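Going down the list, the sequences are from chains A and B.
According to the working numbering, the stretch in the first sequence is residues 446 to 1171, in order.
According to the working numbering, the stretch in the second sequence is residues 9 to 130, in order.
Right, one structure below, let's go through it.
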Amino acid sequence: MKKIININFHGRVVPIEETAYDILKQYVDSLRKHFANEEGKDEIINDIENRFAELFSERLQKGSTCITDDDVNAIIKSMGRPEDFEKDDITADNTSSKESNQQKSSAQQNQYQTSFDSRQLYRSENDKVLGGVCAGLANYLKIDPAIVRIIFALITFGGFGLGILIYIILWAVLPPKSLAINVRKRLYRNSESRVIGGVASGLAAYFHIEVWIPRLIFALPLILGIVTSIFRNSWFDLDPAPVFVTGGFGGTLFITYIILWIVLPEAVTASEKLEMRGEKVDLESIKNTIKGDLEGFRGRATVVGSEMKEKAQQFGQEFKQATQNFSSEAGPAIRKTGTGFGHAIGVLFKAFFLFLAGIISFALITALIGLFFTGAGILPFRHYLLAGFWQNFFGWSTLFLFLAVPIIGLLTWLIRRIIGVRSRNNYLGYVFGTLWTLGWVSLIIFASMVFGNFRSRTSLEDEVFISQPTSARMIVKANQSKVSYYGMDWFGFNWENNGPFYGLNEDSVMMTTVRINVTKSPDSNYHVQKVRFSFGRNPGMAKDLANQIQFNITQNDSFLYLPQGFALTPAQKFRNQQVLVIISVPVGKKIMLNNSVDNYHWFNVNVNRRHMNWDDNGNDYWNDYNPLSSDVEYIMTDHGVERTQRYRDDSNDDEDRTNVKPKEGYRYRGTDSSLPRKKKDSTKMKMKTEEKAVKEEVKSSALVSPQKVHGDQEYSISSVVSNIYM
Amino acid sequence: MNIENTQSQMRKGILEFCILSIIRRGEAYPSDIVEEMRRANLQILEGTLYPLLTRLKNSDMLTYRWVESNSGPPRKYFSLTEKGLAFYKELEATWTELANAVQALASKTDSMPDTTNQNPSF
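Structure (structure tokens):
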């Protein structure tokens, strides 16, 4: 029992037994191989196929229902097999006599041997990428042309174009000659199993090693980059390119891969695939290879569409097609294997796009990892941020489903690609996809819950009773805390004395969101007011939280002591609690802020614009910030505060200050004031010295009008929110 | 030195000449050429004929035209060009010389053939 297939053979439909078809295909392939270096090889094979077609139709006209193995074998017998041709060898003699008369045309020597024996250096005419110099050298040295090409490419890349120079000289000097390839084993790109260009699998086939070994070697810098980025993780380290491209080892591998991609021909035909593995090319092994091909093809056909790679390949193929078309117009230097100048350009283009895609995906992975670890790093704060079971639940699920799942998924995919595992089904993909979708859902729910925590804002205003200082001067100082807090260093974020959280210990977090405003006293006395703010899910909760802020101001004659900050316990939750200290200074009296006050960091969370104008009295004076320089003595005048000494030698901020005339009260309406303020917020994470400098600038460049404050607040939300939730 | 090699080399040398002499008589179809040569007891594989014809055609010795066929795809019929004819003439002359020489040399059976040839003047 035999299967019969219909084939379109030279314009006729021929019913043929499948086995007979295999024999025929194999035979034609062997002819193609035999006549590979013949000038009119296509025509010859076409003629022979034509004759087959004619004999087939004769047989069918005689009444056969189909072409059988015997039919094909009989025709092949009368045609002769390539091995038989060699016996009464016409081919070799004629080609060599055409090419050179100087050669001793010993009839028994076949083509390969004649080219071997001529120990003279030529350019190859039939195997070339540019001028055939490399193939000529390879023929002379009896090595694989690919190796010579690689060496040339390396000399060109590494030796500042030296390789090109040598190449051009040799191109000019050497005579061209049609040369055969005289090695049995050649490096090819294996197009059958490839991830990018098939270089790694070609190498594996050449050295007879498992394919994942060269793949792993090439992918190593990438993997190392990812791994080191996990350990070296800082907050937003999105600088992946140097890690795996310019870094010495990785860069060399990357360039090597590109060179190999350009230089190595693709193993397309059966005989080329055999050469790749270094097997002896004869009919039997060709048959085996083709058989393997067919089976592999059948197997693969069932999985088509399941792999992303397929699409990528398709794109690559189209791209290659396009470049080949281009190159066939641009120059005749294309060889049967499809390498050529156009191919090189195509590969470079492809490499460029892959490079970009690689950077983007690498950055994504790094960012995800960064986010994951940031999320994990924020864990100690979660008690302060999250209230209730559900917020915690969605917090955890966001961390794992939204952040961890894609990282694990991408790494799994990468590793599976490298090892060469192909799954017949997409369960893994579905699982990861579903989990990630859940991650998105929980992210959205989580975000809305957390934002809900900040919906309302309330303030509590208290008068602090003080006795009037004996001298006409008040000095404001921040106390040193008696409770020890860690100065924390998470992923490059140095918390100590920086940032709104002064520190964290087991049961509380220290907030430094304290601000000091200086205003003109309505009478001749100093007055101190304390305003506590808090957000909350509803005004009642917000008020409750504001009330829980412990911020005790003490006084010792002319010294006003403020706490270093205020502590929040996990029960209290972090709801952007703030303390505003308003010091009213009577006209003619002085005030000075000690530099310890500089450690306060004021920031706002505002998730709801409707609450921007929370103060329905229109009395928003506490939104105006009059940052006095620390350790400078000010005196209250009718126009507002002024320095007692107008110039100070060691400070450059006086120059700015003199330019700005104080207008009504203490309010300065700096025109460009929003910019430095922003700077201040964004530099929270930076080093203290830097921040100091910025602060000076901020202070000197004066103050913010209500409108400006508005914009500023918006800014601070985004920065703070991003810090917290990411 | 094996006999088969020598034989095949001898055959090869005259193969082109034989093919051209068949085509000279009129347009010829490759399988007909093979058939005719077989009948003349010159074994040739069809597979070796096609490359030979293509090479001759590519060096302008032969030309061909397509002829529709009842039993299959159109056939290629080959014929000689003027250049091919000249080439054939040269080959023929060479062949005649060679054949005579070989004949003369191979047919000498006597130990004293020289004297018989030189003596007719007597």
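Built from N, CA and C at the ideal position, the CB exists for glycine as well.
All values derive from a computational prediction rather than experimental measurement.
- Item | Close Cβ partners of Trp103 of chain B (< 8 Å) along its chain, the five nearest in sequence each way excluded | In the second sequence, counting from the first residue as 1, residue 103 of chain B sits at position 95. Taken in chain order, the residues that qualify are Ile22 and Phe25.
- Residues near Asn1039 of chain A by beta carbon distance below 8 Å, same chain, minus five either side: By one-based count along the first sequence, residue 1039 of chain A stands at place 594. The residues are Ile920, Val921, Lys922, Ala923, Ser1075 and Asp1076.
- Proximity to Lys478 of chain A [Cα-Cα], best of A:Ser523, A:Val644 and A:Pro527: Position 33 of the first sequence, counted from the start, is the residue given in the question as residue 478 of chain A. When the alpha-carbon of Lys478 of chain A is set against those of A:Ser523, A:Val644 and A:Pro527, the nearest one is in A:Pro527.
- Message: Can you tell me whether Lys1140 of chain A is buried or exposed? The criterion is at least 16 other CB atoms within 10 Å of its CB, across all chains shown.
- Response: For this step, residue 1140 of chain A is matched to residue 695 along the first sequence. Caution is warranted here: a pLDDT of 48 is assigned to Lys1140 of chain A, below 50, making its placement in the model unreliable, and the coordinate value is therefore given only provisionally. By the 10 Å Cβ count, Lys1140 of chain A comes out buried.
- Message: Please list, in chain order, the residues of the stretch 485 to 500 of chain A that have any C-beta partner in chain B closer than 8 Å.
- Response: Gly485, Glu488, Ile489, Asp492, Ile493, Asn495, Arg496, Ala498, Glu499 and Leu500
- Task: For Arg83 of chain B, write down the residues that DSSP places opposite it in a beta bridge.
- Result: To locate residue 83 of chain B, count along the second sequence from 1; it is residue 75. BP columns for Arg83 of chain B point to B:Val75.
- With a CB to CB cut of under 6 Å and the five nearest residues on each side skipped, what residues in its chain are close to Lys448 of chain A? Looking up residue 448 of chain A in the first sequence gives position 3. Glu463.
- Message: Please state the DSSP three-state secondary structure of Lys1018 of chain A.
- Response: What you label residue 1018 of chain A is simply residue 573 of the first sequence in a count that begins at 1. Three-state DSSP puts Lys1018 of chain A in coil, outside helix and strand.
- Query: What does Ser646 of chain A pair with, by DSSP beta-bridge criteria?
  - Reply: Locating residue 646 of chain A in the first sequence gives position 201, where the first residue counts as 1. Answer by DSSP bridge pairing: none, since Ser646 of chain A is not bridged.
- Message: What does the alpha-carbon distance come out to for the pair Asp516 of chain A and Phe86 of chain B?
- Response: Sequence index remark: in the first sequence, residue 516 of chain A carries index 71 (1-based). Sequence index remark: in the second sequence, residue 86 of chain B carries index 78 (1-based). When rounded, the distance between both Cα atoms is 27 Å.
- Item | Buried versus exposed, by CB contacts within 10 Å (16 or more), Arg634 of chain A | Here residue 634 of chain A is taken as the residue at index 189 of the first sequence, counted from 1. It counts as buried.
- Residues from the stretch 41 to 57 of chain B in contact with chain A, defined by Cβ distance under 7 Å: Leu53, Glu54, Gly55 and Thr56
- Assign Tyr875 of chain A to one of two classes, buried (16 or more other C-beta atoms within 10 Å of its C-beta) or exposed (fewer than that). Here residue 875 of chain A refers to the residue found at position 430 when the first sequence is read from its first residue. Tyr875 of chain A comes out exposed.
- Item | Residues in the stretch 71 to 95 of chain B having any Cβ partner in chain A nearer than 9 Å | Residues of the stretch 71 to 95 of chain B with a C-beta less than 9 Å from any C-beta of chain A: Ser77, Asn78, Ser79, Gly80, Pro81, Pro82, Arg83 and Lys84, listed in chain order.
- Of all Cβ atoms in chain B, is any one closer than 8 Å to the Cβ of Ser502 of chain A? Taking the first sequence and counting its residues from 1, the one referred to as residue 502 of chain A is at position 57. True, the Cβ-Cβ gap to chain B drops below 8 Å.
- Give a yes or no on whether the C-beta atoms belonging to Val1030 of chain A and Met1081 of chain A are separated by under 8 Å. The residue given as residue 1030 of chain A occupies position 585 in the first sequence. The residue given as residue 1081 of chain A occupies position 636 in the first sequence. Yes.
- Of all the options A:Thr903, A:Glu1087 and A:Asn962, which has the alpha carbon lying nearest to the alpha carbon of Gln1022 of chain A? As a working mapping, residue 1022 of chain A is identified with position 577 in the first sequence. Nearest option by C-alpha distance: A:Thr903.
- Query: Under a three-way DSSP split, which group does Asn451 of chain A fall into?
  - Reply: Along the first sequence, read from residue 1 onward, the residue named residue 451 of chain A stands at position 6. Three-state result, Asn451 of chain A: strand.
- Message: Does any residue of chain B have a CB that is nearer than 8 Å to the CB of Glu462 of chain A?
- Response: The sequence position of residue 462 of chain A within the first sequence is 17, counting from 1. By this cut-off, Glu462 of chain A is not an interface position.
- Message: Below 8 Å on the Cβ atoms is my contact criterion, and I expect Ser638 of chain A with Glu711 of chain A to pass it. Report the Cβ-Cβ distance as a whole number of Å.
- Response: Taking the first sequence and counting its residues from 1, one reaches residue 638 of chain A at position 193. Taking the first sequence and counting its residues from 1, one reaches residue 711 of chain A at position 266. Wrong, their Cβ atoms sit about 12 Å apart, outside the cutoff.
- Message: Under 8 Å, CB to CB, which of the residues in the stretch 24 to 40 of chain B have a partner in chain A?
- Response: Pro38 and Ser39
- Message: Between Asn10 of chain B and chain A, is any beta-carbon pair separated by less than 8 Å?
- Response: Locating residue 10 of chain B in the second sequence gives position 2, counting from the first residue. Asn10 of chain B does not count as touching chain A.
- Task: Sort out for me which residues DSSP pairs Lys922 of chain A with in a bridge.
- Result: Residue mapping note: residue 922 of chain A aligns to position 477 of the first sequence, counting from 1. In DSSP, Lys922 of chain A forms a bridge with A:Tyr1006.
- CA-CA distance, Gln995 of chain A and Gly1010 of chain A? Walking along the first sequence from the start, residue 995 of chain A turns up at place 550. Walking along the first sequence from the start, residue 1010 of chain A turns up at place 565. A direct Cα-to-Cα measurement between Gln995 of chain A and Gly1010 of chain A gives close to 9 Å.
- Item | Cβ neighbour criterion (16 or more within 10 Å) applied to Leu64 of chain B | Start at 1 with the first residue of the second sequence, and residue 64 of chain B comes out as number 56. Taking all protein chains in view, the Cβ of Leu64 of chain B is crowded by 16 or more other Cβ atoms within 10 Å, so the residue is classified as buried.
- Message: DSSP three-state label for Asp907 of chain A, please.
- Response: If you number the first sequence from 1, residue 907 of chain A lands on position 462. Taken through DSSP and simplified to helix, strand or coil, Asp907 of chain A comes out as strand.
- Message: Contact between the stretch 581 to 598 of chain A and the stretch 501 to 511 of chain A is defined here as three or more beta-carbon pairs at a separation below 8 Å; is this criterion met?
- Response: no
- So which residues on chain B does Ser523 of chain A lean against when the C-beta distance must stay under 7 Å? Here residue 523 of chain A refers to the residue found at position 78 when the first sequence is read from its first residue. Those within 7 Å of Ser523 of chain A in chain B are Glu54.
- Just how far apart, CA to CA, sit Glu499 of chain A and Leu99 of chain B? What you label residue 499 of chain A is simply residue 54 of the first sequence in a count that begins at 1. What you label residue 99 of chain B is simply residue 91 of the second sequence in a count that begins at 1. The alpha-carbon atoms of Glu499 of chain A and Leu99 of chain B are separated by roughly 33 Å.
- Item | chain B within 8 Å of Asp529 of chain A, Cβ atoms only | Reading the first sequence from its first residue, position 84 is the one you call residue 529 of chain A. Yes, Asp529 of chain A lies at the interface with chain B (some Cβ there is under 8 Å from its Cβ).
- Query: What distance in whole Å lies between the Cβ atoms of Ile452 of chain A and Tyr466 of chain A, which are believed to be in contact at a cut-off of 8 Å?
  - Reply: Looking up residue 466 of chain A in the first sequence gives position 21. Looking up residue 452 of chain A in the first sequence gives position 7. With a Cβ gap of about 6 Å, Tyr466 of chain A and Ile452 of chain A count as contacting.
- Message: On the criterion of 16 or more Cβ atoms from any shown chain inside 10 Å, does Asn10 of chain B qualify as buried, or is it exposed?
- Response: Position 2 of the second sequence, counted from the start, is the residue given in the question as residue 10 of chain B. Asn10 of chain B is classed as exposed because its beta carbon has fewer than 16 other beta carbons within 10 Å across all chains shown.
- Where Glu76 of chain B and Ile490 of chain A are concerned, what is the direct C-alpha to C-alpha distance, given to the nearest angstrom? Counting from one through the second sequence, the residue named residue 76 of chain B turns up at place 68. Counting from one through the first sequence, the residue named residue 490 of chain A turns up at place 45. Using only the alpha carbons, I get a separation of about 20 Å.
- Task: Report the rounded CA-to-CA distance for Arg32 of chain B versus Ile41 of chain B, giving the unit in angstroms.
- Result: As a working mapping, residue 32 of chain B is identified with position 24 in the second sequence. As a working mapping, residue 41 of chain B is identified with position 33 in the second sequence. When rounded, the distance between both Cα atoms is 11 Å.
- Message: Tell me the residue span of the alpha helix (DSSP H) that contains Ile889 of chain A.
- Response: Against the first sequence, residue 889 of chain A aligns to sequence position 444. That run of the alpha helix (DSSP H) goes Tyr872 to Gly897.
- Query: In chain A, which residues lie less than 9 Å from Asn66 of chain B when you measure between Cβ atoms?
  - Reply: Indexing the second sequence from 1 puts residue 66 of chain B at position 58. Within 9 Å Cβ-Cβ: Glu484, Gly485 and Glu488.
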